Amino acid sequence: MPGNTAQAAVLLSVFLMSIVHCGHSEEGVCTKSDDGVKCSEDNSVRLTRLNGELVGNVQTIMDGDRKLEMKTLNMKPLVFEIENFLTEEECDYIKAAAVKTGLESSQTMAHSMSKNQNVDLMDLNHDGELDIKEMKITIENGYDIFLEKEDILDMYSTLELDTNGDTHISREELSKIKPKDLFTYLHKVVADHPEKHSRYSSQAWLDWDKVEDEVYERIQERTAKVTQMPIELIRLSDVQVVRYGIDGHYNAHTDSSPLDEHVPCCMEGNRRKCRICRYMTILFYLNDVTEGGETAFPYANMEDINETDAHLSEKLHLFKNCEQASLRVAARRGKAIIWYNHFVNEETGWMGEVDEFTMHGGCPIKQGEKWIANIWVKTTDSKEADIANMRALHS
Numbered sequence: 000m001p002g003n004t005a006q007a008a009v010l011l012s013v014f015l016m017s018i019v020h021c022g023h024s025e026e027g028v029c030t031k032s033d034d035g036v037k038c039s040e041d042n043s044v045r046l047t048r049l050n051g052e053l054v055g056n057v058q059t060i061m062d063g064d065r066k067l068e069m070k071t072l073n074m075k076p077l078v079f080e081i082e083n084f085l086t087e088e089e090c091d092y093i094k095a096a097a098v099k100t101g102l103e104s105s106q107t108m109a110h111s112m113s114k115n116q117n118v119d120l121m122d123l124n125h126d127g128e129l130d131i132k133e134m135k136i137t138i139e140n141g142y143d144i145f146l147e148k149e150d151i152l153d154m155y156s157t158l159e160l161d162t163n164g165d166t167h168i169s170r171e172e173l174s175k176i177k178p179k180d181l182f183t184y185l186h187k188v189v190a191d192h193p194e195k196h197s198r199y200s201s202q203a204w205l206d207w208d209k210v211e212d213e214v215y216e217r218i219q220e221r222t223a224k225v226t227q228m229p230i231e232l233i234r235l236s237d238v239q240v241v242r243y244g245i246d247g248h249y250n251a252h253t254d255s256s257p258l259d260e261h262v263p264c265c266m267e268g269n270r271r272k273c274r275i276c277r278y279m280t281i282l283f284y285l286n287d288v289t290e291g292g293e294t295a296f297p298y299a300n301m302e303d304i305n306e307t308d309a310h311l312s313e314k315l316h317l318f319k320n321c322e323q324a325s326l327r328v329a330a331r332r333g334k335a336i337i338w339y340n341h342f343v344n345e346e347t348g349w350m351g352e353v354d355e356f357t358m359h360g361g362c363p364i365k366q367g368e369k370w371i372a373n374i375w376v377k378t379t380d381s382k383e384a385d386i387a388n389m390r391a392l393h394s
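Position 268 (the sequence shown) corresponds to 267 in numbering that gives the first Met the number 0; numbering is contiguous.
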């Protein structure tokens, strides 16, 4: 009798979860039959946002003969954790696929900035000068590099910026240096000290929607079942595998951009001005980390976020201040964590406003290494276009 009771509880949990979320099973938006491919009507397709209930709540999902327990880690932002989501063999398979593809440096400064490009000066008090903190923020925003006070003073000395020695840089003093000279100097700084870049890691991209692969398909179906998302969106996701060595880290950031009707979502192969559009993130840990490497959410459960204060307080600087983050998730082999970068637009059922509290990053590796895989579920401003892409998978 106790066994029957436990089994009934599991079935009830799965049944209630499917009712509450009104999502799609791993069968997806379109299904194949002897009569061809049949797809749902556009207005019936909605993005799913699971109900966390409260911190510590556990939902049970059966995946064949495996029992997965999804725990609510946090409510603001909403974060779920599933231990042993991936098997050891699946973790090794993904790592091997990334190595075969080829890992490249994740640093992006040289590609994202032009040598002659000007940066926005963060003159916060509007006095016409940049003090050391304002210069730090200017460089963080413009070059994605996090410098200490001593680094700033060394830069002033090397570039002969601070002509009067007051540690405040006026517009007149700045005008004496060319943008390309500052770029070249900072490029050398991160070449000599890569940990000063906001991100220090190597990465590879996997095209798991373009190959027939039993392991990928199994992971995709399991992910769709757990998230209650259409299988097509999971298959169309961007998959990035990242390796962090000693001191490897990623300072706090969001995985998606705020809505902006004037800037389109980035599409594959499109290099024009665009914004990143990722409805949700599913992060897999592919190995155990000896020490360090937690995923940190520095603004979890805070009242609000002020970007200027975030820079001034150095909350974003996880390489230096990881321990101050209000939520940290330990890296363990096979674990998955899930969060939503956007809310759902109640009217359209599609991507709504960005959740700024999902700002997160990777704490520095102190011993060992860390391997992760990011599964980014992509949606755009056009629900119709997204559904058309989903249907195209079946053509």
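Ideal Cβ placement from N, Cα and C applies to all residues, glycine included.
These numbers come from a predicted model, not from an experiment.
Going by beta carbons, N340 and V353 fall inside the 8 Å limit. Boundaries for F356: no alpha helix (DSSP H) harbours it, and the DSSP string shows neither H nor E there. Runs of the beta strand (DSSP E) lying entirely within the segment 324-377 and spanning at least 3 residues, in chain order: 326-328, 335-339, 341-343, 350-353, 359-361, 364-366, 369-377. Excluding its 5 nearest sequence neighbours in each direction, I364 has C-beta neighbours in its own chain below 8 Å: Y243, G244, I245, D246, G247, H248, V288, E290, G291, G292, listed in chain order. A buried status is given to H196, since no fewer than 16 other beta-carbon atoms sit within 10 Å of its beta-carbon. For the options R221, L181, M389, the alpha carbon positioned closest to that of G63 is the one of R221. A buried status is given to H359, since no fewer than 16 other beta-carbon atoms sit within 10 Å of its beta-carbon. V240 counts as buried, since at least 16 other C-beta atoms from the protein chains shown sit within 10 angstroms of its C-beta. Around the beta carbon of S174, fewer than 16 other beta carbons lie within 10 angstroms, which makes this residue exposed. DSSP assignment within the segment 127-190 yields the following whole alpha helix (DSSP H) runs of 4 residues or more, N-terminal first: 131-142, 148-158, 170-173. The DSSP-derived three-state label of N73 is strand. With 16 or more other CB atoms across the displayed protein chains lying within 10 angstroms of its CB, H316 is buried. Bounds of any beta strand (DSSP E) do not take in H310; it lies within the alpha helix (DSSP H) bounded by 306-312. Per DSSP, reduced to three states, the secondary structure at E52 is coil, with no helix or strand assignment. Taking one beta carbon from each stretch, the segment 307-327 and the segment 343-351 have fewer than 3 pairs nearer than 8 Å; the two do not touch. When the five nearest sequence neighbours on each side are left out, the beta carbons in the same chain lying within less than 8 Å of the beta carbon of F84 are those of L67, R221, V225, F283, G333, K334, A335, in order along the chain. A direct Cα-to-Cα measurement between D122 and L392 gives close to 50 Å. For the pair of segments examined, the segment 257-275 was found to touch the segment 376-392: the number of CB pairs separated by less than 8 Å reaches three.
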